[in-house]
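Residue numbers (this note's numbering): 963 to 1131.
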């Protein structure tokens, strides 16, 4: 995994990049991670190349590394599942959603609330230990949730937009 670029970012943003990189590197079976804002926009991804793929739609055959191989696709799925489960929670009047897990034949998807509607999404391999992934996600949320302020979300989003246009940070 390539660490996302954090040049020119605040210390909080660099710390969040570091936490995300550690999550992917230290937990066996995690293939990709995305932090998504409450309005469904990708804020942070575990891999710069996945961020690049999110900006430039490729048409050729791709190696199966996640949802269509892009961070934007993972963010879209995470946002959709988050929205669906929040709606179900409201309909059933059971309180806020803490986490969601989807187990598939060839992988798993985990979605956990971070703060203020933001979500942490993890795409795991079929053989990942789901309890270990969920535990480390909870650690990430505990460490990152309080720093994911509206200002930091705006900074992260601006950083992604600058990368896509080639503008300096």
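Beta carbons: idealized from backbone N, C-alpha and C, even for Gly.
Assigned secondary structure, residue i (DSSP; H/G/I helix, E/B strand, else coil)
| i | result |
| --- | --- |
| residue 1022 | Confidence is the limiting factor: at residue 1022 the pLDDT is only 39, short of 50, which leaves the residue's position unreliable, though a coordinate-based value still follows. Looking at residue 1022 - three-state DSSP - the assignment turns out to be coil, as it is neither helix nor strand. |
| residue 1061 | strand |
| residue 1111 | coil |
| residue 1056 | coil |
| residue 1036 | helix |
| residue 991 | coil |
| residue 1100 | helix |
| residue 1088 | coil |
| residue 1045 | helix |
Nonlocal neighbours in the same chain, by C-beta distance under 6 Å from residue i, ignoring five residues either side
| i | result |
| --- | --- |
| residue 1076 | 1082, 1103, 1107 and 1110 |
| residue 1066 | none |
| residue 1037 | 996, 998 and 1004 |
| residue 986 | 963, 992, 995 and 1008 |
Counterpart residues of residue i in DSSP-defined beta bridges
| i | result |
| --- | --- |
| residue 1083 | 996 and 1073 |
| residue 1066 | 1069 |
| residue 1006 | 997 |
Beta-carbon contacts of residue i that lie in its chain and below 8 Å, excluding the five residues immediately before and after
| i | result |
| --- | --- |
| residue 1047 | 1059, 1062 and 1073 |
| residue 1114 | 972, 974, 975 and 978 |
| residue 1049 | none |
| residue 1092 | 1063, 1065, 1070, 1072 and 1086 |
Buried versus exposed, by CB contacts within 10 Å (16 or more), residue i
| i | result |
| --- | --- |
| residue 1080 | buried |
| residue 1054 | exposed |
| residue 1039 | buried |
| residue 1041 | buried |
Assumed close pair residue i, residue j - CB separation to whole angstroms, cut-off 8 Å
| i | j | result |
| --- | --- | --- |
| residue 1152 | residue 1117 | No information on residue 1152 is available, as it lies outside the stretch 963 to 1131 that the chain covers here. |
Cβ shell of residue i (< 7 Å), same chain only, five flanking positions each side left out
| i | result |
| --- | --- |
| residue 981 | 1102, 1105 and 1106 |
| residue 1089 | 991 |
Residue i at chain E interface by Cβ criterion, 7 Å
| i | result |
| --- | --- |
| residue 1099 | Of the protein chains in the structure, only one exists, and it is not chain E. |
Cβ-heavy atom distance, residue i to the ligand ADP, below 6 Å
| i | result |
| --- | --- |
| residue 1085 | With respect to the ligand ADP, the structure shown offers nothing to examine, as it has no ligands at all. |
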